Amino acid sequence: MCGIVGYVGGNNAKDYIIDGLKKLEYRGYDSAGIALQSENGIVVRKKEGKIANLEALIENEKLYGTTGIGHTRWATHGAPSDINAHPHMSQDESIAIVHNGIVENYMDLKKMLNEEYGIVFKTETDSEVIAQLISVLNKGDLEKAVYDAVAMMRGAYAFGVIAKDEPNKIIAYRKDAPLIAGLGKGCNFIASDIPALLKYLDEIYLIENDEMVICTPERVIIKDKDGRELKRKVLHVNWSLEDAEKDGYEHFMLKEIYEQPKAIKETLNRRIDENDNITLDGITLTKEQLEDFNKVYIVACGTAYHAGLVGKYVIEKMARIPVEVDIASEFRYRDPFVDDKTLFIAISQSGETLDTLAALREAKSKGARILSIVNVVGSSVARESDDVFYTWAGPEIAVASTKAYTTQLVCMYLIALYMGRLRETISEEYYRSILAELKAAPAKVEKILSRASDIESLAKMLYNRSNVFFIGRGLDSAVAYEGSLKLKEISYINSFAIAAGELKHGTIALMEPETIVISLATQDALFEKMVSNIVEVKARMAHVVSIAKEGNTKIEETSTETVYIPQCADEVSPLLSVVPLQLFSYYVAREKGEDIDKPRNLAKSVTVE
Ligand code: AGP
3 MCGIVGYVGG NNAKDYIIDG LKKLEYRGYD SAGIALQSEN GIVVRKKEGK IANLEALIEN
63 EKLYGTTGIG HTRWATHGAP SDINAHPHMS QDESIAIVHN GIVENYMDLK KMLNEEYGIV
123 FKTETDSEVI AQLISVLNKG DLEKAVYDAV AMMRGAYAFG VIAKDEPNKI IAYRKDAPLI
183 AGLGKGCNFI ASDIPALLKY LDEIYLIEND EMVICTPERV IIKDKDGREL KRKVLHVNWS
243 LEDAEKDGYE HFMLKEIYEQ PKAIKETLNR RIDENDNITL DGITLTKEQL EDFNKVYIVA
303 CGTAYHAGLV GKYVIEKMAR IPVEVDIASE FRYRDPFVDD KTLFIAISQS GETLDTLAAL
363 REAKSKGARI LSIVNVVGSS VARESDDVFY TWAGPEIAVA STKAYTTQLV CMYLIALYMG
423 RLRETISEEY YRSILAELKA APAKVEKILS RASDIESLAK MLYNRSNVFF IGRGLDSAVA
483 YEGSLKLKEI SYINSFAIAA GELKHGTIAL MEPETIVISL ATQDALFEKM VSNIVEVKAR
543 MAHVVSIAKE GNTKIEETST ETVYIPQCAD EVSPLLSVVP LQLFSYYVAR EKGEDIDKPR
603 NLAKSVTVE
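Per the working numbering, numbering of the sequence shown is gapless, rising by one per residue and ending at 611.
Structure below.
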């Protein structure tokens, strides 16, 4: 998620912008920049890396301007670099913009701008299109040029614009990406997020979709998409800076759990066209190559490995190709069977996990084709892969991975469906039915989140237990592993997951009265078997919390408590059943007063072996 800050007033905009961008650093970014309206026109300074790099770049310059915009970039299109950093300037240097989001039709617009206006693009980004488009449409009325540009753009975006010929003015526009306006004293601001402005003001306007903001030192005007001026209630913000970074949530982890519907939608929607065809953007594998693979490895660590367990199931089921899932730290040392007919899929949120990177290098050295599923654009795993299929989860700050996991699952489903359709191992009807289920998933996750208080009550009742088992069969066992890791890593409660059918082969000896067993029973095809396993553990006086699909009330006869998820196809249930487990772990850890976002002994990215 990029950060935007703009200032228009009587002082040097640079100071306010740099300070504001620093308040947005927590969101994660890979480059930063600033544009100021100076007496010699618009000056742009931008640099890859941290804001400190930008400050070092400009420290010996006398940069002055009372109107300016700044940006911290979370790369989506185009690797992190000085040139791809924002702000972007138009070719005639009349316009500078900062942008958060994605212009989905940027390739078409680039082509039109090049052919009709001779625009030669300098960057790999989609954002540069906005600057070039506004500049060619600007006939002396910046507001109109912005409206005309927006009418031609498709996607989700919030952007800020300054124009050489319209001093003391910032125009911003919002569509499906966050934007606020800040009301200062003798100055006004735009920003993508409240933390950037808290130091200077406590009154803001929340900008809604399809609204334009015009900021001058004296006024902030809000207009709808047809240019009608809108009245907007001032929002008084008395958040601490820390509250603001969490957008009002108590922890980043909870915020990220609640961001999952949006993250799933973002990761899914831009890969499905109006005819329900999947485009695996970032993957250059040809049909022949995909048909030529005789083996797939999915290799990762921790939560990413658990996403791979789901991936194994769905790729084998849909593409009918053998898939082996391995923990990266094991894969590297077992001299695996890998050759040029192997597809090696690395999954990594950070893209910097050394075990995963080392396993990728091992597979590459043996001739495998490397496809990575990564959340951080331009990260090491991404750079060393032949193809990268990004999760669009946005920065994941909490150490315990949640939205990265569910978006990794979405990527697994898309790859499985795409390969299955290509290899004609699934019917068109099945393809469309699973695609429909994926599209319906965000709303179903929202429904589960709306019942979070039930899970909170359950957590309050069970938080002081010492041993918790997670059991399941088929896809449910894959999710059981993820649920167990979530509980362990933030509540420090000893927990482990086991395939339910395996219990009787030794582990059930551990069962004692009141042992907590979280049993996932969402797989229709295995439901009766799961009921038998639950009866087994109940017979040993265990306390069983079952996760089941709505309507399967029979499960209540053998469970102490039941948490329902909306009806869905067996294949897609992991996207839903993991959410109650994430919430359960969160509320247990919260009840125990643990440091949820930064658990002891853990790092967000494990860059050591
Ligand atoms: C998950 O909650 C943990 N933070 C950890 O297991 C993590 O998934 C693992 O270290 C892999 O990280 P990556 O996805 O960034 O490679």
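Cβ coordinates follow ideal geometry from the N, Cα and C atoms, glycine included.
Computed from a predicted structure; not experimentally measured.
**Request:** In angstroms with no decimal places, state the Cα-to-Cα distance between Asn107 and Met154.
**Result:** As a working note, residue 107 is residue 105 in the sequence shown. As a working note, residue 154 is residue 152 in the sequence shown. Near 9 Å, if we compare the C-alpha coordinates of Met154 and Asn107.
**Counterpart residues of Gly70 in DSSP-defined beta bridges** = Residue 70 sits at position 68 when you count from the first residue of the sequence shown. The partner list for Gly70 (beta bridge, DSSP) reads Tyr9, Leu38.
**Close beta carbons around Tyr31, own chain, < 6 Å, minus the five adjacent residues each side** = Numbered from its first residue, the sequence shown carries residue 31 at position 29. When the five nearest sequence neighbours on each side are left out, the beta carbons in the same chain lying within less than 6 Å of the beta carbon of Tyr31 are those of Thr74, Arg75, Trp76, in order along the chain.
**Message:** Would the segment 187-207 count as touching the segment 7-17 if we require 3 or more Cβ pairs under 8 Å?
**Reply:** Contact holds: three or more Cβ-Cβ distances are below 8 Å.
**Request:** Report the three-state DSSP secondary structure of Cys217 (helix, strand or coil).
**Result:** Here residue 217 corresponds to residue number 215 of the sequence shown, with the count starting at 1. Shown here, Cys217 sits in a strand according to DSSP, grouped into three states.
**Asked** Where does the unbroken alpha helix (DSSP H) through Asn116 begin, and where does it stop?
**Response** Within the sequence shown, residue 116 is the residue found at index 114, counting from 1. Asn116 -> alpha helix (DSSP H) spans 108-119.
**Message:** Does the beta-carbon of Cys303, which I'm using as the reference point, lie nearer than 7 Å to any heavy atom of the ligand AGP?
**Reply:** Numbered from 1 along the sequence shown, position 301 holds the residue referred to as residue 303. Indeed, a heavy atom of the ligand AGP lies less than 7 Å from the Cβ.
**Asked** According to the Cβ coordinates, are Thr127 and Lys171 closer than 8 Å?
**Response** Taking the sequence shown and counting its residues from 1, the one referred to as residue 127 is at position 125. Taking the sequence shown and counting its residues from 1, the one referred to as residue 171 is at position 169. For Thr127 and Lys171, no; Cβs fall outside 8 Å.
**Message:** Can you look up His88 in the DSSP assignment and give me helix, strand or coil?
**Reply:** Locating residue 88 in the sequence shown gives position 86, where the first residue counts as 1. Here His88 sits in coil by DSSP.
**Item:** Closest by C-alpha distance to Asp178, when choosing among Thr408, Asn140, Glu386, Ile104
**Value:** Within the sequence shown, the letter at position 176 stands for residue 178. Ranking Thr408, Asn140, Glu386, Ile104 by Cα distance to Asp178 puts Ile104 first.
**Request:** Could you say if the segment 467-479 and the segment 517-526 meet the contact criterion of at least three C-beta pairs nearer than 8 Å?
**Result:** Under the three-pair Cβ rule at 8 Å, the segment 467-479 counts as touching the segment 517-526.
**Request:** Kindly give me the distance between the Cβ atoms of Tyr433 and Leu419, rounded to whole angstroms, as I take these residues to be in contact under 8 Å.
**Result:** Looking up residue 433 in the sequence shown gives position 431. Looking up residue 419 in the sequence shown gives position 417. With 8 Å as the limit, Tyr433 and Leu419 qualify as a contact, their Cβ atoms being about 6 Å apart.
**Prompt:** In whole angstroms, what separates the C-alpha of Ala183 from that of Asp204?
**Reply:** The residue given as residue 183 occupies position 181 in the sequence shown. The residue given as residue 204 occupies position 202 in the sequence shown. Those two C-alpha atoms are separated by around 11 Å.
**Asked** Under the criterion of a Cβ to heavy atom distance below 7 Å, does Ala402 qualify as lining the ligand AGP?
**Response** In the sequence shown, residue 402 corresponds to position 400, counting from 1. True, at least one ligand heavy atom lies under 7 Å from that Cβ.
**Request:** Taking only heavy atoms of the ligand AGP into account, decide whether any of them is closer than 7 Å to the Cβ of Glu355.
**Result:** By one-based count along the sequence shown, residue 355 stands at place 353. Correcting the residue identity first, residue 355 is Thr in this sequence and not Glu. Distances between the C-beta of Thr355 and the heavy atoms of the ligand AGP include at least one below 7 Å.
**Message:** Are there any heavy atoms of the ligand AGP lying less than 7 Å away from the beta-carbon of Glu491, as far as the coordinates show?
**Reply:** Within the sequence shown, residue 491 is the residue found at index 489, counting from 1. Yes, since a heavy atom of the ligand AGP falls inside the 7 Å radius drawn around the Cβ of Glu491.
**Message:** the ligand AGP and Gln262: does the residue's C-beta get closer than 7 Å to at least one heavy atom of that ligand?
**Reply:** Position 260 of the sequence shown, counting from 1, holds the residue named residue 262. Checking the Cβ of Gln262 against the ligand AGP gives no.
**Prompt:** Could you give the distance in angstroms between the alpha-carbon of Glu293 and the alpha-carbon of Glu252?
**Reply:** Numbered from its first residue, the sequence shown carries residue 293 at position 291. Numbered from its first residue, the sequence shown carries residue 252 at position 250. About 48 Å.
**Whole-angstrom C-beta distance between Ile457 and Glu598, which should lie under 8 Å** = Looking up residue 598 in the sequence shown gives position 596. Looking up residue 457 in the sequence shown gives position 455. For the record, residue 598 in the displayed sequence is Ile; it is not Glu. Rounded to the nearest angstrom, the Cβ distance from Ile598 to Ile457 is 15 Å, too far for a contact under 8 Å.
**Request:** Please classify Lys235: is it buried, with 16 or more other beta-carbons within 10 angstroms of its beta-carbon, or exposed?
**Result:** Sequence index remark: in the sequence shown, residue 235 carries index 233 (1-based). Burial call: exposed.
**Prompt:** Can you tell me whether Met109 is buried or exposed, with buried defined as 16 or more other CB within 10 angstroms of its CB?
**Reply:** Within the sequence shown, the letter at position 107 stands for residue 109. By the Cβ neighbour-count rule, Met109 is exposed, with fewer than 16 other Cβ atoms within 10 Å of its own.
**Asked** Can you give the beta carbon distance from Glu117 to Phe123, rounded, assuming they're within the 8 Å contact cut?
**Response** Mapped onto the sequence shown, residue 117 falls at position 115. Mapped onto the sequence shown, residue 123 falls at position 121. About 12 Å; that fails the 8 Å criterion.
**Message:** I believe Gly422 touches Ala265 by the beta-carbon criterion, under 8 Å. Please report the beta-carbon distance rounded to the nearest angstrom.
**Reply:** Start at 1 with the first residue of the sequence shown, and residue 422 comes out as number 420. Start at 1 with the first residue of the sequence shown, and residue 265 comes out as number 263. Contact between Gly422 and Ala265 fails: their C-beta atoms lie close to 24 Å from each other, not under 8 Å.
**Request:** Would you identify the three-state DSSP class for Tyr566, choosing helix, strand or coil?
**Result:** As a first step, residue 566 is located in the sequence shown; it is residue number 564 there, counting from the start. Tyr566: strand per DSSP, three-state reduction.
**Prompt:** Are the beta-carbon atoms belonging to Ser497 and Leu489 less than 8 Å from one another?
**Reply:** Stepping through the sequence shown from its first residue, residue 497 is reached at position 495. Stepping through the sequence shown from its first residue, residue 489 is reached at position 487. A Cβ-Cβ contact shorter than 8 Å links Ser497 with Leu489.
**Asked** Taking 7 Å as the cut-off, does the CB of Leu487 come closer than this to any heavy atom belonging to the ligand AGP?
**Response** For the purposes of this step, residue 487 is taken as residue 485 along the sequence shown, with counting starting at 1. The answer is yes for Leu487.
**Message:** Taking the alpha helix (DSSP H) that Arg47 belongs to, which residues open and close that run?
**Reply:** Here the question's residue 47 lines up with position 45 in the sequence shown. Run containing Arg47: none in the alpha helix (DSSP H); it sits in the beta strand (DSSP E), 43-50.
**Request:** Have a look at Asn42 and Leu181 and give me their C-alpha separation to the nearest angstrom.
**Result:** Looking up residue 42 in the sequence shown gives position 40. Looking up residue 181 in the sequence shown gives position 179. Roughly 29 Å separates the two Cα atoms.
**Prompt:** What span of residues does the beta strand (DSSP E) with Phe586 cover, start to end?
**Reply:** Stepping through the sequence shown from its first residue, residue 586 is reached at position 584. Where Phe586 is concerned, there is no enclosing beta strand (DSSP E), although the alpha helix (DSSP H) around it starts and stops at 575-594.
**Request:** Give a single yes or no on whether Phe393 has its beta carbon closer than 7 Å to a heavy atom of the ligand AGP.
**Result:** As a first step, residue 393 must be located in the sequence shown, where it is residue number 391. The residue asked about is misnamed: residue 393 is Thr in this sequence, not Phe. Not under cutoff, so the answer is no.
**Item:** Close Cβ partners of Arg542 (< 6 Å) along its chain, the five nearest in sequence each way excluded
**Value:** Locating residue 542 in the sequence shown gives position 540, counting from the first residue. Here the set comprises Met513.
**Item:** Closest by C-alpha distance to Phe295, when choosing among Pro263, Val316, Lys343
**Value:** Taking the first residue of the sequence shown as 1, we reach residue 295 at position 293. Here the closest residue by C-alpha is Lys343.
**Asked** Quick one: does the C-beta of Ala361 sit closer than 7 Å to a heavy atom of the ligand AGP?
**Response** Here residue 361 is taken as the residue at index 359 of the sequence shown, counted from 1. For the ligand AGP, not one heavy atom lies less than 7 Å from the Cβ of Ala361.
**Request:** Compare the beta carbon distance of Ala348 and Val378 with 8 Å and say whether it is the shorter of the two.
**Result:** Residue mapping note: residue 348 aligns to position 346 of the sequence shown, counting from 1. Residue mapping note: residue 378 aligns to position 376 of the sequence shown, counting from 1. Taking 8 Å as the cut-off, the beta carbon of Ala348 is found no closer than this to the beta carbon of Val378.
**Request:** Return the chain-ordered list of same chain residues with a C-beta closer than 6 Å to the C-beta of Leu139, the five sequence neighbours on each side being excluded.
**Result:** As a first step, residue 139 must be located in the sequence shown, where it is residue number 137. So the qualifying residues of the chain are Ala147, Asp150, Ala151.
**Prompt:** The alpha helix (DSSP H) with Asp456 in it runs from where to where?
**Reply:** Position 454 of the sequence shown, counted from the first residue, corresponds to residue 456. Where Asp456 is concerned, the enclosing alpha helix (DSSP H) stretches over 454-464.
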